[in-house]
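Residue numbers (my numbering), protein chains in the order written: chain A, 1 to 190; chain B, 1001 to 1190.
This report refers to the structure that appears directly beneath it.
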DNA sequence: GTCTATACTTTGATAGAC
DNA sequence: GTCTATCAAAGTATAGAC
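Structure, rendered in structure tokens:
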């Protein structure tokens, strides 16, 4: 009774990887079939609503990975500035290796693509961003920032990271992320 | 001898609008044909290399519109903080009207989509972002920032705006942009 | 230069045998 | 639950008449 979940899990992991690399519109069902090895019938058995349903669950998977990574990285240091710098530098490192392009993050691409065309997917992406904001804000409160200021910074840091990821992908280099990490000292100065 | 440029111009304007709304992968040639009224033959006459060539010229058009808008908005005020606030609030206003979704900006979506698949398009987007950085940095120097600091801020502000645009599109609301505008006082403090 | 017809591929989705 | 065959539609691109 493990085999059952395995097939679905394999499809989902494969689809998630493809969506992150090529986006929602850039990834075809046939490609998911090829790379996962699962035949078309299996896909529509596990995801009766087709591509959109796979994407919704893929976004949920990205959300989980994002949150876990962020919680871990932000817990290690003993000041807000140090923690966020460490967190962002870890993300930056992903973009330096030319081959691996943004594996493991990047809900941004799907959010951009689907914002005005697929309400369900837009909604799923909105939840991921809101979760990021909340997590950052919550951590900042623990480091002594007032609630209002922490929430402002939650939005701001989320935007900065997403924007810097976009630049880093485009430039094929993590420098933009390292640049915003450097600017945090001006924002996190109590 | 005006008619000749007109057809190409109409195709280009139409394609630009569609690419901004739906992205590169989300926009089909057939859709460009339908909405522009130009038949398939005309498109391949004016753009022998097909869709990719249209996209390259579309990005050039977006670049021009972006730069002109930015130069105009940033020239009006008499301090860096005021000017950038004005500029960003103008962008934010676009996202509040639910209908019109990011018309006139948003190279970000195409950059995200094509970064790892279409080198030519990735390159065109990289040039747009670099132009933004340079423009911001140049203006900041004119307001008395040192060159090194101005360049740092050029990258940072570009990332912040792109990231906040992503959040604003996803939330269907310009608040994230207004939030980063507010944070500029911490970054532009000499 | 403009337009039509068509070729060929890939897309997402369904039906039904096993 | 798994897999194959097939669908209609949309995708990009080409040839050639006008």
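In this text, a Cβ means the ideal position worked out from N, Cα and C, and glycines have one as well.
Quiz item: To the nearest angstrom, how far is it from the Cα of residue 50 of chain A to the Cα of residue 43 of chain A?
Solution: Sequence index remark: in the first chain, residue 50 of chain A carries index 50 (1-based). Sequence index remark: in the first chain, residue 43 of chain A carries index 43 (1-based). In a straight line, the C-alpha of residue 50 of chain A is about 8 Å away from that of residue 43 of chain A.
Quiz item: What are the boundary residues of the alpha helix (DSSP H) that includes residue 1208 of chain B?
Solution: Shown here, chain B extends from 1001 to 1190; a query on residue 1208 of chain B therefore has no answer.
Quiz item: Okay, do the region 1025 to 1040 of chain B and the region 29 to 44 of chain A touch, 3+ Cβ pairs below 8 Å being the bar?
Solution: Contact fails between the region 1025 to 1040 of chain B and the region 29 to 44 of chain A, because fewer than three Cβ pairs, one in each stretch, are under 8 Å apart.
Exercise. Output yes if chain A places a C-beta closer than 8 Å to the C-beta of residue 1125 of chain B; else output no.
Key: Start at 1 with the first residue of the second chain, and residue 1125 of chain B comes out as number 125. Contact of residue 1125 of chain B with chain A is assigned, a C-beta pair being separated by under 8 Å.
Practice problem: Run down chain A in chain order and give the residues with a C-beta less than 8 Å from the C-beta of residue 1039 of chain B. | Solution: The residue you call residue 1039 of chain B lines up with position 39 of the second chain. Those do not exist, as residue 1039 of chain B stays about 25 Å from chain A at its closest Cβ, beyond 8 Å.
Quiz prompt | Where residue 90 of chain A falls: helix, strand or coil (DSSP) | solution = By one-based count along the first chain, residue 90 of chain A stands at place 90. DSSP places residue 90 of chain A in helix when its eight states are reduced to three.
Exercise. Determine the contact status of residue 1059 of chain B and residue 1125 of chain B, defining contact as a CB-CB distance below 8 Å.
Key: For the purposes of this step, residue 1059 of chain B is identified with residue 59 of the second chain, where counting begins at 1. For the purposes of this step, residue 1125 of chain B is identified with residue 125 of the second chain, where counting begins at 1. Yes, these two residues count as a Cβ contact at 8 Å.
Quiz item: Are the beta-carbon atoms belonging to residue 1067 of chain B and residue 1135 of chain B less than 8 Å from one another?
Solution: Your numbering for residue 1067 of chain B matches position 67 in the second chain. Your numbering for residue 1135 of chain B matches position 135 in the second chain. Remark: C-beta atoms of residue 1067 of chain B and residue 1135 of chain B approach each other more closely than 8 Å.
Quiz item: Which residues in the same chain have their Cβ closer than 7 Å to the Cβ of residue 96 of chain A, if we skip the five residues on either side of it in sequence?
Solution: Within the first chain, numbered from 1, the residue matching residue 96 of chain A stands at position 96. Excluding sequence neighbours, residue 96 of chain A sits near 173 and 174.
Practice problem: Would you check if the region 1137 to 1152 of chain B and the region 158 to 170 of chain A touch, i.e. whether three or more CB-CB distances between them fall below 8 Å? | Solution: Judged by pairs of C-beta atoms under 8 Å, the region 158 to 170 of chain A does not touch the region 1137 to 1152 of chain B, as fewer than three such pairs exist.
Self-check item: Contacts of residue 111 of chain A in chain B (Cβ-Cβ under 9 Å)
Solution: As a position in the first chain, residue 111 of chain A is number 111, starting the count at 1. Result: 1166, 1167, 1169 and 1170.
Exercise. At 8 Å on the CB atoms, spell out the chain B contacts of residue 186 of chain A, in chain order.
Key: As a working note, residue 186 of chain A is residue 186 in the first chain. Simply 1186, 1187 and 1189.
Quiz item: Listed from N- to C-terminal order along the chain, which residues in the region 141 to 159 of chain A have their beta-carbon within a distance smaller than 9 Å of any beta-carbon of chain B?
Solution: Going along the region 141 to 159 of chain A in chain order, one finds 152, 153, 155, 156, 158 and 159 with a Cβ nearer than 9 Å to chain B.
Quiz prompt | Residues near residue 118 of chain A in its chain [Cβ-Cβ closer than 7 Å; skip 5 each side] | solution = For this step, residue 118 of chain A is matched to residue 118 along the first chain. Closer than 7 Å at the Cβ level, and outside the excluded window around residue 118 of chain A, lie 52.
Practice problem: Please confirm whether residue 1041 of chain B and residue 112 of chain A have their CB atoms less than 8 Å apart. | Solution: Within the second chain, residue 1041 of chain B is the residue found at index 41, counting from 1. Within the first chain, residue 112 of chain A is the residue found at index 112, counting from 1. Note that the C-beta distance between residue 1041 of chain B and residue 112 of chain A is not below 8 Å.
Practice problem: Would you please verify whether the beta carbon of residue 25 of chain A is less than 8 Å from any beta carbon of chain B? | Solution: As a first step, residue 25 of chain A is located in the first chain; it is residue number 25 there, counting from the start. At least one CB of chain B lies nearer than 8 Å to the CB of residue 25 of chain A.
Quiz prompt | Sub-8 Å separation of residue 86 of chain A and residue 72 of chain A beta-carbons | solution = Residue 86 of chain A sits at position 86 when you count from the first residue of the first chain. Residue 72 of chain A sits at position 72 when you count from the first residue of the first chain. Inclusion of residue 86 of chain A and residue 72 of chain A in the CB contact set at 8 Å is not warranted, their separation being larger than that value.
Quiz item: Relative to the alpha-carbon of residue 121 of chain A, which residue among A/19, A/7 and A/6 has its alpha-carbon at the smallest distance?
Solution: Against the first chain, residue 121 of chain A aligns to sequence position 121. Out of A/19, A/7 and A/6, the CA that lies nearest to the CA of residue 121 of chain A is found in A/19.
Quiz item: Taking all protein chains shown into account, do 16 or more other C-beta atoms lie within 10 angstroms of the C-beta of residue 171 of chain A, making it buried, or fewer, making it exposed?
Solution: Taking the first chain and counting its residues from 1, one reaches residue 171 of chain A at position 171. By the beta-carbon neighbour count (other beta carbons within 10 angstroms, threshold 16), residue 171 of chain A is buried.
Practice problem: With distances taken Cα to Cα, identify the nearest neighbour of residue 1075 of chain B among B/1127, B/1142 and B/1057. | Solution: If you number the second chain from 1, residue 1075 of chain B lands on position 75. Of the listed residues, the one whose Cα sits closest to residue 1075 of chain B is B/1142.
Practice problem: At 8 Å on the CB atoms, spell out the chain B contacts of residue 117 of chain A, in chain order. | Solution: Position 117 of the first chain, counted from the start, is the residue given in the question as residue 117 of chain A. Chain B residues near residue 117 of chain A: 1022 and 1026.
Quiz item: CA-CA distance, residue 1062 of chain B and residue 1011 of chain B?
Solution: On the second chain, position 62 is the one that residue 1062 of chain B refers to. On the second chain, position 11 is the one that residue 1011 of chain B refers to. When rounded, the distance between both Cα atoms is 14 Å.
Exercise. Buried or exposed for residue 1106 of chain B, please, with buried defined as at least 16 other CB atoms from any protein chain shown within 10 angstroms of its CB.
Key: Here residue 1106 of chain B corresponds to residue number 106 of the second chain, with the count starting at 1. Counting the other CB atoms within 10 Å of its CB gives residue 1106 of chain B a total of 16 or more, which places it among the buried residues.
Practice problem: At 7 Å on the CB atoms, spell out the chain B contacts of residue 129 of chain A, in chain order. | Solution: Start at 1 with the first residue of the first chain, and residue 129 of chain A comes out as number 129. Listed along the chain, the chain B residues whose CB falls inside 7 Å of the CB of residue 129 of chain A are 1167 and 1170.
Practice problem: Below 8 Å on the Cβ atoms is my guess for residue 1110 of chain B versus residue 1028 of chain B; work out the distance and round it to an integer in Å. | Solution: If you number the second chain from 1, residue 1110 of chain B lands on position 110. If you number the second chain from 1, residue 1028 of chain B lands on position 28. Contact flag wrong, Cβ pair sits at about 15 Å.
Quiz prompt | Minimum Cβ-Cβ distance from residue 1059 of chain B to chain A less than 8 Å | solution = The residue labelled residue 1059 of chain B in the question sits at position 59 within the second chain. Not an interface residue.
Quiz item: Just the Cα atoms here: how many angstroms apart are residue 1184 of chain B and residue 48 of chain A?
Solution: As a working note, residue 1184 of chain B is residue 184 in the second chain. As a working note, residue 48 of chain A is residue 48 in the first chain. The straight-line gap from Cα to Cα measures roughly 47 Å.
Quiz item: Should residue 139 of chain A be flagged as near chain B, meaning a C-beta pair shorter than 8 Å?
Solution: Reading the first chain from its first residue, position 139 is the one you call residue 139 of chain A. So, not an interface residue.
Quiz item: Counting contacts by CB-CB distance shorter than 8 Å, is residue 108 of chain A in contact with chain B?
Solution: Translated into positions along the first chain, residue 108 of chain A becomes position 108. Closer than 8 Å: yes.
Quiz prompt | Under 7 Å from the C-beta of residue 1076 of chain B: neighbouring residues of chain A | solution = Sequence index remark: in the second chain, residue 1076 of chain B carries index 76 (1-based). The CB of residue 1076 of chain B never comes closer than 7 Å to any CB in chain A; the least such distance is about 24 Å.
Self-check item: Inter-residue Cα distance where the pair is residue 104 of chain A and residue 16 of chain A
Solution: Taking the first chain and counting its residues from 1, one reaches residue 104 of chain A at position 104. Taking the first chain and counting its residues from 1, one reaches residue 16 of chain A at position 16. The predicted model places residue 104 of chain A with a pLDDT of 48, which falls under 50 and marks its position as unreliable; any figure quoted below should be read in that light. Per the coordinates, the alpha-carbon of residue 104 of chain A lies some 9 Å from the alpha-carbon of residue 16 of chain A.
Quiz item: Checking contacts by CB at 8 Å: is residue 1069 of chain B closer than that to chain A?
Solution: As a position in the second chain, residue 1069 of chain B is number 69, starting the count at 1. No Cβ of chain A is located within less than 8 Å of the beta carbon of residue 1069 of chain B.
Quiz item: Do you know offhand how far residue 116 of chain A's Cα is from residue 1186 of chain B's?
Solution: Your numbering for residue 116 of chain A matches position 116 in the first chain. Your numbering for residue 1186 of chain B matches position 186 in the second chain. Straight through space, the alpha carbons of residue 1186 of chain B and residue 116 of chain A are spaced by roughly 33 Å.
Quiz item: Listing by chain order, which chain B residues have their CB less than 9 Å from the CB of residue 161 of chain A?
Solution: As a working note, residue 161 of chain A is residue 161 in the first chain. Taking a Cβ-Cβ threshold of 9 Å, the residues of chain B close to residue 161 of chain A are 1159 and 1163, in chain order.
Quiz item: Going straight from the alpha carbon of residue 7 of chain A to that of residue 45 of chain A, what length do you get?
Solution: Residue mapping note: residue 7 of chain A aligns to position 7 of the first chain, counting from 1. Residue mapping note: residue 45 of chain A aligns to position 45 of the first chain, counting from 1. Spanning the two alpha carbons is a distance of roughly 11 Å.
Self-check item: C-beta contact flag for residue 133 of chain A and residue 154 of chain A at 8 Å
Solution: Numbered from 1 along the first chain, position 133 holds the residue referred to as residue 133 of chain A. Numbered from 1 along the first chain, position 154 holds the residue referred to as residue 154 of chain A. Going by C-beta atoms, residue 133 of chain A is nearer than 8 Å to residue 154 of chain A.
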